[in-house]
Structure formats: structure tokens, C-alpha cells
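Student: Just so you know, the protein sequences line up as chains G and D, in that order. Number 134 in the working numbering belongs to position 6 of the first sequence; there are no gaps in the numbering. Number 302 in the working numbering belongs to position 298 of the second sequence; there are no gaps in the numbering. Ideal Cβ positions, reconstructed from N, Cα and C, are used throughout, including at glycine. Just so we're clear, the structure is a prediction, and the values are computed from it rather than from any experiment.
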Amino acid sequence: MILKKGMTRIFLYAVEAFVLVISAFPLLWVIVSAFKTNGEILSDPLALPSSISLDTFAHLFDTYNFPVYFLNSLLAAGVSTVVSLLFYSMGAYVIAKFNFPGRRLLYILFTITLLVPAHSKTQPIFSLVMQLGLYDNIWGVTFVYLSMGMAMSIFILKAGFMAVPKTLDEAAIVDGAGFVRVFLRINLPLVKNALTTAGILMFLNNWNEYYFASLLTVSDSQRTLPIALAFFTSEFSYNYTQLFSALTVVILPGIILYALAQEKVQASVATAGIKG
Amino acid sequence: MYMATVSLKNVKKIYDNKVTAVHDFNLEIADKEFIVLVGPSGCGKSTTLRMIAGLEEISEGDLFIGGKRMNDVEPKDRDIAMVFQSYALYPHMTVYENMAFALKLRKTPKEEIDRKVREAAEILDITTYLGRKPKALSGGQRQRVAIGRAIVRDPKVFLMDEPLSNLDAKLRNQMRAEIIKLRQRIQTTFVYVTHDQTEAMTLGDRIVIMKDGFIQQTGTPQEVFDQPANLFVAGFIGSPQMNFFDGQLTKQDGRYQVTIGEAAMTLPQTAQDLLSQRGVGGMAVTVGARPEHLSFAAEAGGHTIASRVDVSEMMGSEVYLHVNAVGRDVVMRIPTTDLPEEHRAGIPYGTEIRFTFRPELIHLFDPQTEKNLMYGT
């Protein structure tokens, strides 16, 4: 019996270790390689760097327009995330808490966009951005990002709001709160986990987004990090250190962000799973 | 002085799916009166309370609070406070913030909020928890906070929706006593909903007993206990439940007599008067007798009935005796001191005993209409 339990445990740990290695190893390898010289990378790809130097990062920011790309990415991903969360939370709140004709249909319409591949919307999005005069403008990209992740966010947020008991709303109504206050003061603070999860997922998706950013921008000053990286790949084909340090700059914010909010994300995914 | 009377006139609640939850509800609640709405689940008591609170729309009829029609008035403008069964404390706020929330929304000055919250906390003995979040409190403490949140508002009408049903039995008894004390301190009108008849009896100035959306009877605890309007009320109020027997009412030489099986008894004068005033003739009746109004009979004859013991439950000061008589399960509640010496240690299954009625304490119901023949309306 004890032996059987022990074996199960060993098996579980083995699986966990395997998953951990295949998901974390590439990230670590990229980050470690950013501190190695080109020679070190080529001669022994798995070795640790002989010395730690931030020169390559400094060089990256000095030589290239990196701060601009970084800011562009931050702007496009950050603004779109914050603004869309505000709107999606309102939509999800109404769908979760109020009964009205067409509620189910509306929810289905929102979430069905999950099934529509983003690429199939290329043409209409492109002409819309052109007509708005936002082509080759980071705000045009931000605008497009606003609509991405809607289905997922509404799904997560709706589950969050549904988990807030209706009696809390009623208590607040009797206490004197109107529609807006019940939403802002009672419900919104209570779906913090769902907001964080939806926000992180949306931010990371938009931070890493390549397709629309490449389609809608041409000039260097409007580039986001993923676009810049594509250019680097060809430019740095001989300089792996530079390439890996550029990659590190791109992936690090996402990792840090997720690490900080990991508990909330897990809690929210658990609720969405049960009540969604 | 503002009078916190509540008046419901022909109030009806019909849901979208055409289900009528409350039929033609009429009730006048006096200023500072404690009214308890009681009934089994689904009887419409909570719906009625929620209509008073403004959380449910009134489909038909009128609601007046303090003489003002409130049908279309927002809950926040009705000058009511409500305590919910689930406490409904805001989990992200401390106890203090929970209690201060309504006052803040009303833009009450900070010092006044502080004074009121501390006063209420003092009354409810929760001062030490003011800085805590609800999840760090026990069920009883949460209920106190929920009550506190309502009293800081100084409402004209205090609504309580099964506030004690989430508590364990001991705590429930304790909180029930506290509510009685609270009521004496804050002189205001209470409307209290419960499914527990003990709560209803102990708390209410008047009780409204409901079933299937209809009021069955409204009266003081003593009235509904002594003069239940119908079979439902008779069975619902009182614990253990009233016993019912099939009987025959006969009128001979102007005197009413009731026969149950082999037992025959002449009714006392009050009952004679009430029945003849109402012109009741000889008929089949359902006879109700409370378990405490049945007693042992030493010998046969008169109005005694033979029975066989099924179970005897020793409660300490009394015994609940479940017997089988005239084809019915009958419960008797007998003080231990009244038990014959040989039965003090318990009465074995199958023992043959006889019991007797107290004619002045029996109730007579019409088996068809289920109404009380002496007091029903």
C-alpha cells in the first residue's frame, strides 16, 4: 500500500518535472544566453556564462530604437487592456446579473468570436483602420487590440460576476446604492481575480501580437517589440548574444507580470471552471 | 413625529411565468409593531418582505409606509433596512466599512458616521471586530454585523429575512433573545420572516401565517395558538404538532356532543354558545387536540380512548408518547411527574394505555373547508 502510494507520488513528480522543464527551459536558455558571448553560445550552448555583463542590453537600447519599440508595445498592450477591461467588465456584469430578452443570444454572440480566426477579419480591420486614418500609427494598432480577447475576457469576467451573490447587490440597493455604485463599489472589487486574469491574458496576447502590428505599421517609429524582433532576426543572424538579449527584453515583462499575479489567475481560473 | 406604519392593500405578486406567489395580501402594521410572517417554504413570506423592501415589484395592490404610497419608490428612499439570511456582508470591506457604507452613501458627516457605527457596535458587542473583514468572523458575529449595518441607518422599518436560519440551534436561541432585547432598545417597526414557528411565537406581537401565497391567519401568538383559524394553522403552530381525529358532532336537545371512536364528550358552555351562534348542525368533524392537552386515563369509560404505545421519547421533564389510537398516530406530551409510577423508567412498545381529552381544549374543524367551526372566518 505504502509502496503503491510512493510509486504514484514518484510518477506525479516525474510528470511535473517534465512539464516544468519543457516549459521553463527554453525561457531560461534565452535569458542565460543573453549574458554569453557569441563564441560561448556556439561552442557550448548549455553552459553558464563566464561573466555577467549588461553591456549587450545597453548596446541594444543605445544603438536601436528599443525604447521606442518598448513604449509602443507598452502603449498598445497596456492601453488596450485597461480600456477594454473597463468595457468588458460592464458587459459581463450586465450579462451575468440581469435578465433581459436576448441575454443568452448576446452572450453567445460575444463568445462565438472565439471561434472566428483573427486572420479572417484582416480585410475589414484593414479598411476600417485606413478609413480612420490610423494606418502606420500605433493608436491604430491599439484600437485593433481593444477588440481582441473580448470573448475570453467576457467569459472570465461573467463567471466572476456570477460568483458574487445577488444578495450583496440587494443589500447595497437597500443601503442606498444605485446601479453604478453597486457595480463599482460592490461587484468590481469582488471580481479582482477575474479582472487580473482577463487583464494578464489580454496584455500578454497583445504584447506578443505580431500579425496586425506588422500589417498596420511600416515606419520604424511605430513598431512594436515583436515587429522589431523580426527585423533583428535578419539583422543579427551572426550575433546571437544581441538576439537573445532582445528576446529577453521582450519576454521578461510578461514573465514578471504573470509571476506577480499568478495566485489571482489560478483562483479565477478555478472559479471560471466551476461556474462558467 | 413620523409614524412608521406599514400597510399592504390587496397586494399581489405575479411572476413573469404567470405564477402567483402572493394573492391579495392585506395587512395593517402599527407603528413600532413586531410582525412575523411565518409559513413553510414557498408560501410567499419572503416575496412579501421583498416587496416591502422594494426588491420585488408589486404586481397589483398598494403598499404604504408611514401613510405614503411606496409602490414606485426606490428601496433607498423607503427608509427601511434589511437583514438577509445569508448576512450579505460586503466581503471586501471591514466590519466598520460594512456598517458605514449606507451612511457614506447618504453623505452623512464623518463624525456622525463614526458615532453611529460605534454606538451600534456597542449595542451588539462587536466593537473589537470593527477592523476585521467578515471572513474572519463566526456565523453569530456576522449576523450581529448584519444587524448592526441595519441599525446604524436608524430605519423606520426593520426588515429581517430568516436572519437566524444559518445559525446552529444554540446560537439561534441566544440571538433570538438578543433580537427581543434589541427590539426593546430601538423602538421601530419590525417585519420578520421565518419558517420557524417557535421564532414566530416568541418574537412577534402579531403573527401572519401564510401558505401557498395566502394569509391563513393573522393574530397574536396566543390567538393563533388557542384559536387556529383552520387545520393548517392548527398543525403549523405548536410543537409537537396538534393531533387530529375523525369525529362526529351531534346536537341533541340543543347540546353539542362530539364522538371520537368510543369516546363521547359534551362540549363546554363556551363552545356550545359559539357553535350555536354560527348555526352549526350535526356533522362529521376533524377534532384537534394538542399533545399537551391529552392525559392518561386510569380506567375505561367516559371520553377515554384505548391506544398502543409505539415510541416513548424521554425529554427529562416530560415524555413525548407516540401512540396508535383509532387508526391514527397520536402524540401525547406528558409531564414526567404525571406518569404512573411503573412507567417512570419508560413505557415499552406495545403497552396498552388509555388517554383522555380535555373537552374545553379541543378544536373542531370542518373536514371539507378545513375551517375552525368555532373561530374560523
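Tell me, please, which residues DSSP counts as bridged to D/H367.
Tutor: Taking the second sequence and counting its residues from 1, the one referred to as residue 367 of chain D is at position 363. Note: D/H367 sits in a beta bridge opposite D/G292.
Student: Expressed to the nearest angstrom, what Euclidean distance is found between the alpha-carbon atoms of G/R231 and G/I223?
Tutor: If you number the first sequence from 1, residue 231 of chain G lands on position 103. If you number the first sequence from 1, residue 223 of chain G lands on position 95. Those two C-alpha atoms are separated by around 6 Å.
Student: Give me whichever residues DSSP pairs with D/Q221 in a beta bridge.
Tutor: On the second sequence, position 217 is the one that residue 221 of chain D refers to. The beta-bridge partner set that DSSP reports for D/Q221 consists of D/I213.
Student: Can you look up D/T98 in the DSSP assignment and give me helix, strand or coil?
Tutor: To locate residue 98 of chain D, count along the second sequence from 1; it is residue 94. Here D/T98 sits in coil by DSSP.
Student: Where do the N-terminal and C-terminal ends of the alpha helix (DSSP H) with D/A125 fall, by residue?
Tutor: Taking the first residue of the second sequence as position 1, residue 125 of chain D is located at position 121. First-last of the alpha helix (DSSP H) with D/A125: K114 to L128.
Student: According to the Cβ coordinates, are D/D52 and D/V26 closer than 8 Å?
Tutor: Locating residue 52 of chain D in the second sequence gives position 48, where the first residue counts as 1. Locating residue 26 of chain D in the second sequence gives position 22, where the first residue counts as 1. Asp is not the amino acid found at residue 52 of chain D; the sequence shown has Thr there. Contact: yes.
Student: Go to D/N1, then tell me how far its beta strand (DSSP E) extends in each direction, as first and last residue.
Tutor: Residue 1 of chain D is absent from the model: chain D starts at 5 and stops at 381.
Student: In its own chain, which residues sit with a C-beta less than 6 Å from the C-beta of G/G401, not counting the 5 before and 5 after it?
Tutor: Walking along the first sequence from the start, residue 401 of chain G turns up at place 273. Caution is warranted here: a pLDDT of 49 is assigned to G/G401, below 50, making its placement in the model unreliable, and the coordinate value is therefore given only provisionally. Cβ neighbours of G/G401 within its own chain (closer than 6 Å, five residues either side excluded): none.
Student: Anything in chain D within Cβ reach of G/E298, meaning under 9 Å, just list it in chain order.
Tutor: Sequence index remark: in the first sequence, residue 298 of chain G carries index 170 (1-based). Result: R54, A57, L59, P79, M86, F88 and A92.
Student: Can you tell me whether D/M164 is buried or exposed? The criterion is at least 16 other CB atoms within 10 Å of its CB, across all chains shown.
Tutor: Against the second sequence, residue 164 of chain D aligns to sequence position 160. Burial call: buried.
Student: Is the CB-CB distance between D/Q261 and D/A268 below 8 Å?
Tutor: Position 257 of the second sequence holds residue 261 of chain D. Position 264 of the second sequence holds residue 268 of chain D. Against a cut-off of 8 Å, the Cβ pair of D/A268 and D/Q261 comes out as a contact.
Student: For D/R110 and chain G, any beta-carbon pair shorter than 8 Å?
Tutor: Position 106 of the second sequence holds residue 110 of chain D. Cβ-Cβ to chain G under 8 Å: yes for D/R110.
Student: I'd like to know whether the C-beta atoms of G/G289 and G/V319 end up nearer to each other than 8 Å.
Tutor: Taking the first residue of the first sequence as 1, we reach residue 289 of chain G at position 161. Taking the first residue of the first sequence as 1, we reach residue 319 of chain G at position 191. Before going further, note that residue 289 of chain G is Phe rather than Gly in the sequence given. Cβ distance < 8 Å, so G/F289 and G/V319 count as in contact.
Student: Give the interface partners of G/T295 over in chain D, defined as CB-CB distance under 7 Å, in chain order.
Tutor: Numbered from 1 along the first sequence, position 167 holds the residue referred to as residue 295 of chain G. What G/T295 touches in chain D: F88, S90 and A92.
Student: Given a limit of 7 Å on CB to CB distance, which residues of the segment 96–123 of chain D reach chain G?
Tutor: H96, F105, A106, L109 and R110
Student: Which residues, in order along the segment 299–316 of chain G, keep a beta-carbon less than 9 Å from a beta-carbon of chain D?
Tutor: A299, A300, I301, V302, D303, G304, A305, G306, R309, R313 and I314
Student: Any idea if D/Q281 is buried or exposed, counting beta-carbon neighbours within 10 angstroms, 16 or more meaning buried?
Tutor: Start at 1 with the first residue of the second sequence, and residue 281 of chain D comes out as number 277. The residue is exposed, with fewer than 16 neighbouring Cβ atoms inside 10 Å.
Student: Nearest to G/G219 by CA position, among G/P381, G/N315 and G/W157, is which residue?
Tutor: Residue 219 of chain G sits at position 91 when you count from the first residue of the first sequence. Answer by Cα proximity: G/N315.
Student: Fully enclosed by the segment 140–208 of chain G, which alpha helix (DSSP H) runs are 4 residues long or longer?
Tutor: 166–171 and 183–191
Student: State the beta-bridge partners of D/S311 as determined by DSSP.
Tutor: As a first step, residue 311 of chain D is located in the second sequence; it is residue number 307 there, counting from the start. According to DSSP, residue pairing for D/S311 in a beta bridge involves D/I357.
Student: Is the CB of G/L318 under 8 Å away from at least one CB in chain D?
Tutor: Here residue 318 of chain G refers to the residue found at position 190 of the first sequence. Taking Cβ atoms only, chain D reaches closer than 8 Å to G/L318, which makes this a yes.
Student: Tell me where the beta strand (DSSP E) around D/Y260 begins and ends.
Tutor: As a first step, residue 260 of chain D must be located in the second sequence, where it is residue number 256. D/Y260 -> beta strand (DSSP E) spans R259 to I264.
Student: Along the chain, where does the beta strand (DSSP E) that runs through D/A85 open and close?
Tutor: Position 81 of the second sequence, counted from the first residue, corresponds to residue 85 of chain D. Its beta strand (DSSP E) spans residues I84 to V87.
Student: Secondary structure at D/R337, three-state DSSP: helix, strand or coil?
Tutor: As a first step, residue 337 of chain D must be located in the second sequence, where it is residue number 333. Residue state, collapsed to three classes: strand.
Student: Starting from D/Q252, trace the alpha helix (DSSP H) in both directions and tell me its first and last residue.
Tutor: Numbered from 1 along the second sequence, position 248 holds the residue referred to as residue 252 of chain D. Taken as a continuous stretch (DSSP letters only), D/Q252 belongs to no alpha helix (DSSP H), being part of the beta strand (DSSP E) at N247 to Q256.
Student: Can we say the segment 220–235 of chain D touches the segment 50–68 of chain D, given the rule of at least three CB pairs closer than 8 Å?
Tutor: no
Student: By DSSP, does D/G143 sit in helix, in strand, or in coil?
Tutor: Residue mapping note: residue 143 of chain D aligns to position 139 of the second sequence, counting from 1. Of the three classes helix, strand and coil, the one that applies to D/G143 here is helix, per DSSP.
Student: Take D/Q245 and list the residues in its own chain whose beta-carbon comes closer than 6 Å to its own, dropping the five residues that flank it on each side.
Tutor: By one-based count along the second sequence, residue 245 of chain D stands at place 241. Excluding positions up to five away in sequence, the list reads G239.
Student: For the candidate residues D/D129, D/I264 and D/Y379, whose alpha-carbon lies nearest to that of D/M179?
Tutor: Within the second sequence, numbered from 1, the residue matching residue 179 of chain D stands at position 175. It is D/D129 whose Cα lies nearest to the Cα of D/M179.
Student: Given that a residue counts as buried once 16 or more other Cβ atoms are within 10 Å of its Cβ, and exposed if not, what is G/H247?
Tutor: Position 119 of the first sequence holds residue 247 of chain G. Exposed is the call here.
Student: Is it the case that the Cβ atoms of D/F369 and D/N234 are separated by a distance below 8 Å?
Tutor: The count along the second sequence starts at 1 and reaches residue 369 of chain D at position 365. The count along the second sequence starts at 1 and reaches residue 234 of chain D at position 230. The answer is yes: Cβ separation under 8 Å.
Student: For G/V272, does the three-state DSSP call read helix, strand or coil?
Tutor: Here residue 272 of chain G refers to the residue found at position 144 when the first sequence is read from its first residue. G/V272: helix per DSSP, three-state reduction.
Student: Decide if D/V42 is buried, meaning its Cβ has at least 16 other Cβ atoms within 10 Å, or exposed.
Tutor: Counting from one through the second sequence, the residue named residue 42 of chain D turns up at place 38. Burial call: buried.
Student: Let me know the secondary structure DSSP gives D/L207 once reduced to three states.
Tutor: On the second sequence, residue 207 of chain D is found 203 positions in, with the first residue counted as 1. DSSP places D/L207 in helix when its eight states are reduced to three.
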